[in-house]
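A.B. asks: My questions all concern the structure below.
There are 2 protein chains.
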Amino acid sequence: MRKRAVEISDQTTARLSVYLRCLTALEKEGIQYTSSRGLAERLQLNSAQIRKDLACFGEFGIRGVGYAVRDLRGQILRILGLTRDLGIIVVGAGRLGTALADYPGFQGESVRIVSLVDVDRAKIGQRTAGGVPIRSLEKLPEIARKTGAEIAILAVPRSAAQEVADRVVRSGIKAILNFTPVPVVVPAYVKVNHVDLTREIEGLAFFLRQLATARKAGTEARAASR
Amino acid sequence: MRKRAVEISDQTTARLSVYLRCLTALEKEGIQYTSSRGLAERLQLNSAQIRKDLACFGEFGIRGVGYAVRDLRGQILRILGLTRDLGIIVVGAGRLGTALADYPGFQGESVRIVSLVDVDRAKIGQRTAGGVPIRSLEKLPEIARKTGAEIAILAVPRSAAQEVADRVVRSGIKAILNFTPVPVVVPAYVKVNHVDLTREIEGLAFFLRQLATARKAGTEARAASR
DNA sequence: GTTTGTGAAAGATTTCACAGCG
DNA sequence: CGCTGTGAAATCTTTCACAAAC
Numbered sequence: 403m404r405k406r407a408v409e410i411s412d413q414t415t416a417r418l419s420v421y422l423r424c425l426t427a428l429e430k431e432g433i434q435y436t437s438s439r440g441l442a443e444r445l446q447l448n449s450a451q452i453r454k455d456l457a458c459f460g461e462f463g464i465r466g467v468g469y470a471v472r473d474l475r476g477q478i479l480r481i482l483g484l485t486r487d488l489g490i491i492v493v494g495a496g497r498l499g500t501a502l503a504d505y506p507g508f509q510g511e512s513v514r515i516v517s518l519v520d521v522d523r524a525k526i527g528q529r530t531a532g533g534v535p536i537r538s539l540e541k542l543p544e545i546a547r548k549t550g551a552e553i554a555i556l557a558v559p560r561s562a563a564q565e566v567a568d569r570v571v572r573s574g575i576k577a578i579l580n581f582t583p584v585p586v587v588v589p590a591y592v593k594v595n596h597v598d599l600t601r602e603i604e605g606l607a608f609f610l611r612q613l614a615t616a617r618k619a620g621t622e623a624r625a626a627s628r
Numbered sequence: 403m404r405k406r407a408v409e410i411s412d413q414t415t416a417r418l419s420v421y422l423r424c425l426t427a428l429e430k431e432g433i434q435y436t437s438s439r440g441l442a443e444r445l446q447l448n449s450a451q452i453r454k455d456l457a458c459f460g461e462f463g464i465r466g467v468g469y470a471v472r473d474l475r476g477q478i479l480r481i482l483g484l485t486r487d488l489g490i491i492v493v494g495a496g497r498l499g500t501a502l503a504d505y506p507g508f509q510g511e512s513v514r515i516v517s518l519v520d521v522d523r524a525k526i527g528q529r530t531a532g533g534v535p536i537r538s539l540e541k542l543p544e545i546a547r548k549t550g551a552e553i554a555i556l557a558v559p560r561s562a563a564q565e566v567a568d569r570v571v572r573s574g575i576k577a578i579l580n581f582t583p584v585p586v587v588v589p590a591y592v593k594v595n596h597v598d599l600t601r602e603i604e605g606l607a608f609f610l611r612q613l614a615t616a617r618k619a620g621t622e623a624r625a626a627s628r
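These protein sequence lines are chains A and B, in that order. First residue of the first sequence? That's 403 in this note's numbering, and the numbers climb one at a time after it. First residue of the second sequence? That's 403 in this note's numbering, and the numbers climb one at a time after it.
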């Protein structure tokens, strides 16, 4: 069962999340069995990819039949570490931080926002519209310790990003979701996932420029061939 | 100069964004020249990677010297299509949509939020705290046409995601930044970048579970060796 | 019959290492 | 001399294709 000889790639992990969501939907639809082909068609990817991803963690299928939806979903929940409670602290009670703290997508499935912290005295002691208490950034180590929160979401201004990341690390948190535009530097034992809005928008800008260039080239080619 | 024989990968595009941000910082620091090694050290990646990425688009360096910061920055701006104005429409005036519409990271550098649209009659006609006008979703095609906006940010509830994506596509927009947890399906000529918060959090959960497992295994091994 | 799990092949990406230029 | 630009090598990822299992 323990097949952790090879390191699991981030891409595989990301796809496990996708499989999980798909299985949750299938279960809700009352479907009891599926196959790597069935999943692959729904998710627009190769069926061998799905089998390979799952093979990193064990054998979950029945040959000639496929996978039991409920069972496979449970396995992936376990693999991803979602069977125990996971506490999240949002750092930065600005518009984005507040919106993230109240984000309904986080509710349920063992993940919960335990607190929102900020340096602004006017906000400390209040609660978000969704009921998340706002506390002092100073209290971060204490809150982390008492609640057992293991994930921090960084939603502070760029100028504060690195310093706040350092505080988060010092408070013992080892997993960070970074919403600032700064690629914060942390020790190797801490994992940072960077949600970089600038990069996303610039990726779309590049796509649009390519479209525009291709169209122009096409027009010119057509004009030239006349 | 035109070397578009090979398709440019998303990974290369994402790194161009990173190079751009780094060059902007260097320029602000008053540094005039840098090298692939200098950039690589700052960005924690391989210098050949940077040279290969740039080689897709031309030759921008000076052998024996490196790159002129200002010039290379201008080249990347051009490559990414950031030299002309890019309008963004945010769809969904909930907490997240409003926060994104006012997000300061988007301001400047040719990118601007032109409007926020929603179906909620109570919100239509208002403005966000940052001054972005809220208009009716019905007006989306008209707003897109009049403002020339080319990018839509989806920040609607999951139940509305696919239907709203269809409307966005019908209004002529070909680039979407999807903040919903739904992997929306669109025609092949439309590009969607999916910011999937669930996937990000689950990636961190997996990392934490691995940490916990490794620590436990280590403890057991130590106990066994006594 | 069908579908899994998996070696082997193909493809993509990253890194090395060096010729050639400034 | 130092650094770019780039083939070749190494590495990583995806896909193929089929034996084994139900």
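Think of the CB as a built atom: it goes at the ideal place given N, C-alpha and C, for glycine as much as any other residue.
1. Using DSSP's beta-bridge definition, name the partner residues of I536(B).
2. Exposed or buried, R560(B), counting other C-beta atoms within 10 Å across all chains shown (16 or more means buried)?
3. May I have the straight-line CA-CA distance separating I478(B) from R465(B), to the nearest angstrom?
4. Which residues in chain B have a C-beta closer than 7 Å to the C-beta of L513(A)? List them in chain order.
5. For S411(A), count neighbouring C-beta atoms within 10 Å of its own C-beta (all shown protein chains included) and say buried if the count is 16 or more, exposed if not.
6. Can you list, in chain order, the residues of its chain whose CB lies under 8 Å from that of Y591(A), leaving out five sequence neighbours each side?
7. Quick one: which chain A residues come within Cβ less than 7 Å of D504(B)?
8. In chain order, what are the residue ranges of uninterrupted beta strand (DSSP E) at least 3 long that sit wholly in the region 576 to 621 of chain B?
9. In the DSSP assignment, find the beta strand (DSSP E) that holds A554(A) and state where it starts and stops.
10. Taking all protein chains shown into account, decide if K548(B) is buried (16 or more other Cβ within 10 angstroms of its Cβ) or exposed.
11. Between the region 605 to 622 of chain A and the region 577 to 590 of chain A, do at least 3 Cβ pairs fall closer than 8 Å?
12. Judging by CA-CA distance, which residue of V588(B), K430(B) and L606(B) is the nearest neighbour of V513(A)?
13. Which term fits E602(B), buried or exposed, when burial requires 16 or more other beta carbons within 10 angstroms of its beta carbon?
14. Would you report the Cα separation of V568(B) and I536(B), rounded to the nearest angstrom?
15. Excluding the 5 residues preceding and the 5 following C424(A) in the sequence, name in chain order all residues of the same chain whose CB lies nearer than 8 Å to its CB.
16. Let me check understanding here. Comparing Cα to Cα, which of E431(A), V534(A), A470(A) and T436(A) lies closest to T500(A)?
17. Contact criterion: CB-CB distance below 9 Å. Does K405(B) meet it with respect to chain A?
18. Indicate whether at least one CB of chain A lies closer than 9 Å to the CB of Q612(B).
19. On the three-state DSSP scale, how would you describe T436(A)?
20. Closer than 8 Å by beta-carbon distance: list the chain A residues that pair up with G507(B), in chain order.
21. Tell me which residues of the region 411 to 425 of chain A have at least one Cβ-Cβ distance to chain B shorter than 8 Å, keeping chain order.
22. So, does the region 480 to 488 of chain B touch the region 512 to 531 of chain B, judging by three or more C-beta pairs under 8 Å?
23. Since A442(A) sits in a beta bridge, which residues does DSSP pair it with?
24. Since T426(A) and Y469(A) are thought to touch, with beta carbons under 8 Å apart, how far apart are those beta carbons, to the nearest angstrom?
25. Is DSSP giving R465(A) helix, strand or coil here?
26. When you compare only the Cα positions, how much space is there between I555(A) and Q413(A)?
27. Which value, in whole angstroms, describes the spacing of the CA atoms of E409(B) and V558(A)?
28. Kindly give me the distance between the Cβ atoms of S438(A) and R417(A), rounded to whole angstroms, as I take these residues to be in contact under 8 Å.
29. Is M403(B) helix, strand or coil when you go by DSSP?
30. Taking just the CA atoms, how far does A531(A) sit from R404(B)?
31. Who are the Cβ neighbours of D520(A) in its own chain at under 7 Å, not counting the five residues just before and after it?
32. State yes or no: is the C-beta of S419(A) within less than 9 Å of the C-beta of D598(B)?
33. Taking only beta-carbon atoms, is E565(A) less than 9 Å away from chain B?
C.D. replies: Considering the structure as presented:
1. According to DSSP, I536(B) bridges with L518(B).
2. Counting Cβ neighbours within 10 Å, R560(B) comes out exposed, since fewer than 16 surround it.
3. Just so you know, the alpha carbons of I478(B) and R465(B) end up roughly 19 Å apart.
4. The sequence given here places Val at residue 513(A); Leu does not occur at that position. One finds I603 in chain B with Cβ atoms closer than 7 Å to the Cβ of V513(A), taken in chain order.
5. So S411(A) counts as exposed.
6. The answer, listed in chain order, is K576.
7. Going along chain A in sequence order, the residues near D504(B) (Cβ under 7 Å) are R497.
8. Along the region 576 to 621 of chain B, the beta strand (DSSP E) occurs as fully enclosed runs of 3 or more residues at 577 to 580 and 593 to 596, listed in sequence order.
9. Annotation for A554(A): the continuous beta strand (DSSP E) segment containing it runs I553 to L556.
10. An exposed status is given to K548(B), since fewer than 16 other beta-carbon atoms sit within 10 Å of its beta-carbon.
11. The region 605 to 622 of chain A, when compared against the region 577 to 590 of chain A, does not touch it at the 8 Å Cβ threshold.
12. Measuring C-alpha to C-alpha distances from V513(A) to each of V588(B), K430(B) and L606(B) identifies L606(B) as the nearest.
13. Classification for E602(B): buried.
14. Residue identity check: residue 568(B) is Asp in the sequence provided, not Val. Answer to the nearest angstrom: the Cα atoms are 20 Å apart.
15. Around C424(A): L441, R444 and L445.
16. Answer by Cα proximity: V534(A).
17. The predicted position of K405(B) is uncertain, since its pLDDT is 47 and thus under 50; a value taken from the coordinates is nonetheless stated next. It does not: the Cβ of K405(B) has no partner Cβ on chain A nearer than 9 Å.
18. Interface residue (Cβ-Cβ distance to chain A less than 9 Å): Q612(B) is classified as such.
19. Strand, per DSSP.
20. Going along chain A in sequence order, the residues near G507(B) (Cβ under 8 Å) are R560, P583, L599 and T600.
21. Here the close residues are D412, T415, A416, L418, S419, V420, L422 and R423.
22. Touching, yes, given that three or more Cβ pairs across the two stretches are closer than 8 Å.
23. Beta-bridge pairing links A442(A) to no other residue.
24. T426(A) to Y469(A), Cβ: 14 Å. No contact.
25. Shown here, R465(A) sits in coil according to DSSP, grouped into three states, outside any helix or strand.
26. For I555(A) and Q413(A), the distance between alpha carbons rounds to 21 Å.
27. Straight-line spacing of the CA atoms in E409(B) and V558(A) works out to 36 Å.
28. Wrong, their Cβ atoms sit about 12 Å apart, outside the cutoff.
29. With a pLDDT of only 44 at M403(B), under 50, the local geometry of the prediction cannot be trusted, and the value read off the model is given with reservation. Three-state DSSP puts M403(B) in coil, outside helix and strand.
30. Caution applies to R404(B), whose pLDDT of 46 falls short of 50 and renders its modelled position unreliable; the model cannot decide the point.
31. Only G494, A495, I526, I536 and L539 meet the Cβ criterion.
32. Closer than 9 Å, so yes.
33. E565(A) has a beta carbon lying at 9 Å or more from every beta carbon in chain B.
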